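Visitor: Here it is, the structure, as structure tokens.
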Amino acid sequence: MYFSDKETGQKDRTSEDITISVWNGIVSIFEEFKGKNYFSENFSEKCHDNGRVCGFDNTIFESRVKSEIPDIEIPIIIKVEKNTFSFNDNKSVTNIVNKYTALDFIEFCFKNISEAIQDDYHDFFKHYHLNFKNSKKLKDEFRIKINQIFKRNGTVFDLNENGKINRLISKIFEPLINKIYKTSDIRLNELVKLSQEKFILPKIEDRIYALEKIWDAFERMKTYYIEKNKKQSINELIQLVSNANTDFEVLLSEECKSLTNIGNDYQIRHFETNKIEITDNKHLDYLYYRMISLIHLFLSELEN
Numbered sequence: 000m001y002f003s004d005k006e007t008g009q010k011d012r013t014s015e016d017i018t019i020s021v022w023n024g025i026v027s028i029f030e031e032f033k034g035k036n037y038f039s040e041n042f043s044e045k046c047h048d049n050g051r052v053c054g055f056d057n058t059i060f061e062s063r064v065k066s067e068i069p070d071i072e073i074p075i076i077i078k079v080e081k082n083t084f085s086f087n088d089n090k091s092v093t094n095i096v097n098k099y100t101a102l103d104f105i106e107f108c109f110k111n112i113s114e115a116i117q118d119d120y121h122d123f124f125k126h127y128h129l130n131f132k133n134s135k136k137l138k139d140e141f142r143i144k145i146n147q148i149f150k151r152n153g154t155v156f157d158l159n160e161n162g163k164i165n166r167l168i169s170k171i172f173e174p175l176i177n178k179i180y181k182t183s184d185i186r187l188n189e190l191v192k193l194s195q196e197k198f199i200l201p202k203i204e205d206r207i208y209a210l211e212k213i214w215d216a217f218e219r220m221k222t223y224y225i226e227k228n229k230k231q232s233i234n235e236l237i238q239l240v241s242n243a244n245t246d247f248e249v250l251l252s253e254e255c256k257s258l259t260n261i262g263n264d265y266q267i268r269h270f271e272t273n274k275i276e277i278t279d280n281k282h283l284d285y286l287y288y289r290m291i292s293l294i295h296l297f298l299s300e301l302e303n
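Counting in numbering that gives the first Met the number 0, the sequence shown runs from 0 upward without gaps.
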């Protein structure tokens with residue numbers, strides 16, 4: 000922890016942007032690992048004498064990266080930070096890079112890390128031949144360094160132990176997002192779980208899908224009592240959760256109606272041109288947290 004973190008507190012992790020400064024930090028970590036031959040197993044420079052691996056081939060690496068991440072700029076280098084002027088708000092704006100390209104690059108690097116072990120020394124070419132082994136320690140080191148940059152810059156993204164980029168979620172809602180429900184309706188449980196898995200991904204397309212699935216779970220939940228029609232079933236659920244509190248029963252009934260209308264009016268369950276499109280992650284967060292809170296209230300009562 001840096002001194003400023005202790006004195007003024009850490010930055011809120013809310014930024015959606017990968018700035019040039021963050022990108023340059025990512026590249027510096029890549030260069031550090033590249034210099035130690037940690038990417039050389041899959042992108043190998045071969046000894047001209049015996050064909051054994053003796054180093055890192057940057058051309059092969061960048062060719063593969065470009066084929067898997069088409070929007071990435073080659074060569075992979077530190078960028079010069081430039082300021083542009085925004086006439087809309089009359090202020091200077093720091094350039095940002097394509098965040099999905101940068102995040103894909105991080106995942107690509109993580110999966111190709113392996114420990115390089117020097118073997119015999121080739122005196123004529125003055126290089127060592129290399130052997131390799133998979134190293135969780137090295138991958139953890141890479142992950143920690145990347146996450147330190149995200150943290151220090153208040154970036155909302157995080158590289159998990161499996162080498163996948165996740166979006167951080169509000170600490171308040173973590174227990175709800177990570178909760179595994181075990182009601183008697185297996186399909187309902189599956190819809191909630193699928194939604195939770197997609198919600199933490201970085202791309203808004205995945206998160207919109209998560210919103211769709213949590214609304215599907217809500218509609219499925221309304222018919223929990225399958226022997227009754229939907230209206231009777233949800234009314235019985237509301238009565239169960241209200242626990243004889245008539246005021247709270249009215250509140251829940253109104254909230255269910257409101258969320259049903261939102262699902263019908265926005266591009267959540269329906270995508271006709273007259274439906275309202277969701278394009279802001281903050282709006283998406285609000286709707287998701289609102290729904291998952293209601294889902295949690297109901298499903299906690301219904302768990303086996």
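Beta carbons: idealized from backbone N, C-alpha and C, even for Gly.
Just so it is clear, the structure is predicted and the values come from calculations on it, not from any experiment.
#1: In chain order, what are the residue ranges of uninterrupted alpha helix (DSSP H) at least 4 long that sit wholly in the segment 130-168?
#2: Hey, out of Ile95, Pro69, Gln238, whose CA is closest to glutamate 80's CA?
#3: On a CA-only basis, which of Gly162, Ala216, Ser257 is nearest asparagine 188? Give me that one, please.
#4: Cutting at 6 Å between CB atoms, please list the residues of its own chain near lysine 90, excluding the five before and the five after it.
#5: At 4 residues or longer, what runs of the alpha helix (DSSP H) sit wholly inside the segment 5-82?
#6: Could you tell me which of Tyr224, Thr245, Gln147 sits nearest to glutamate 235, measuring between CA atoms?
#7: Can you tell me whether DSSP reads tyrosine 120 as helix, strand or coil?
#8: Give the DSSP-derived three-state secondary structure of histidine 282 in the structure shown.
#9: Keeping to the same chain, check which residues put their C-beta closer than 7 Å to that of serine 39; ignore five residues upstream and five downstream.
#10: Taking Cβ positions, are glutamine 9 and lysine 170 nearer each other than 8 Å?
#11: Under 7 Å Cβ to Cβ from glutamate 61, same chain only, skipping five residues before and after it: list those, please.
#12: Grab me the residues of glutamine 266's own chain with a C-beta within less than 8 Å of its C-beta, minus the 5 sequence neighbours each way, in chain order.
#13: Report the residue from Glu31, Asp103, Phe172, Gly24 whose alpha carbon sits nearest the alpha carbon of arginine 63.
#14: Consult DSSP for tyrosine 265 and reduce its assignment to one of helix, strand or coil.
#15: Quick check on DSSP: helix, strand or coil for tyrosine 127?
#16: Classify tyrosine 180: buried if its beta carbon has 16 or more other beta carbons within 10 angstroms, exposed otherwise.
#17: If distances are taken between C-alpha atoms only, which option among Glu15, Thr245, Phe109, Glu248 comes closest to phenylalanine 29?
#18: If you drop the 5 nearest sequence neighbours on each side, which residues of the same chain put their C-beta closer than 8 Å to that of aspartate 11?
#19: With H, G and I counted as helix, E and B as strand and the rest as coil, what does DSSP make of alanine 243?
#20: Beta-carbon separation of isoleucine 101 and isoleucine 17 under 8 Å?
#21: In the segment 181-260, which residue ranges form an unbroken alpha helix (DSSP H) of at least 4 residues, counting only runs that do not cross its ends?
#22: Just verifying my parser: in three-state terms, what is the DSSP assignment at glutamate 302?
#23: Report the partner residues of glutamate 114 according to the DSSP bridge assignment.
#24: In three-state DSSP terms, what is methionine 171?
Guide: This is what the structure holds:
#1: 135-151
#2: In the sequence shown, the residue the question calls residue 80 occupies position 81. Looking at the Cα atoms, Ile95 is the closest of the given residues.
#3: The residue you call residue 188 lines up with position 189 of the sequence shown. The closest CA to that of asparagine 188, considering only Gly162, Ala216, Ser257, is found on Ala216.
#4: Position 91 of the sequence shown, counted from the start, is the residue given in the question as residue 90. Only weak support exists for where lysine 90 lies, its pLDDT of 49 falling under 50; the coordinates are left without a value.
#5: 19-34, 57-67
#6: Your numbering for residue 235 matches position 236 in the sequence shown. Ranking the options by Cα distance to glutamate 235, first place goes to Tyr224.
#7: Residue numbering aside, residue 120 sits at position 121 when the sequence shown is read from its first letter. Looking at tyrosine 120 - three-state DSSP - the assignment turns out to be strand.
#8: Here residue 282 is taken as the residue at index 283 of the sequence shown, counted from 1. Residue state, collapsed to three classes: helix.
#9: As a position in the sequence shown, residue 39 is number 40, starting the count at 1. If you ignore the 5 residues before and after serine 39, its C-beta comes within less than 7 Å of the C-beta of Val52, Gly54, Phe55, Ala115, Leu129, all in its own chain and listed in chain order.
#10: The residue you call residue 9 lines up with position 10 of the sequence shown. The residue you call residue 170 lines up with position 171 of the sequence shown. Result no, Cβ atoms of glutamine 9 and lysine 170 do not sit closer than 8 Å.
#11: Here residue 61 refers to the residue found at position 62 when the sequence shown is read from its first residue. Closer than 7 Å at the Cβ level, and outside the excluded window around glutamate 61, lie Ile73, Pro74, Ile75.
#12: Working through the sequence shown from its first residue, we reach residue 266 at position 267. Excluding residues within five positions, the ones whose Cβ falls inside 8 Å are Ile207, Lys274, Ile275, Glu276, Ile277.
#13: Position 64 of the sequence shown, counted from the start, is the residue given in the question as residue 63. It is Asp103.
#14: Taking the first residue of the sequence shown as 1, we reach residue 265 at position 266. Here tyrosine 265 sits in strand by DSSP.
#15: Indexing the sequence shown from 1 puts residue 127 at position 128. It is a strand residue.
#16: Numbered from its first residue, the sequence shown carries residue 180 at position 181. It is buried - the Cβ of tyrosine 180 has at least 16 other Cβ atoms within 10 Å.
#17: Stepping through the sequence shown from its first residue, residue 29 is reached at position 30. Nearest option by C-alpha distance: Phe109.
#18: Against the sequence shown, residue 11 aligns to sequence position 12. Gly153, listed in sequence order.
#19: The residue given as residue 243 occupies position 244 in the sequence shown. Looking at alanine 243 - three-state DSSP - the assignment turns out to be coil, as it is neither helix nor strand.
#20: Along the sequence shown, read from residue 1 onward, the residue named residue 101 stands at position 102. Along the sequence shown, read from residue 1 onward, the residue named residue 17 stands at position 18. Correcting the residue identity first, residue 101 is alanine in this sequence and not isoleucine. Contact: yes.
#21: 185-198, 203-221, 229-241
#22: Here residue 302 refers to the residue found at position 303 when the sequence shown is read from its first residue. Three-state DSSP puts glutamate 302 in a strand.
#23: Translated into the one-based positions of the sequence shown, residue 114 becomes position 115. BP columns for glutamate 114 point to Lys132.
#24: Your numbering for residue 171 matches position 172 in the sequence shown. According to the sequence displayed, residue 171 carries isoleucine and not methionine. In the displayed model, isoleucine 171 falls within a helix according to three-state DSSP.
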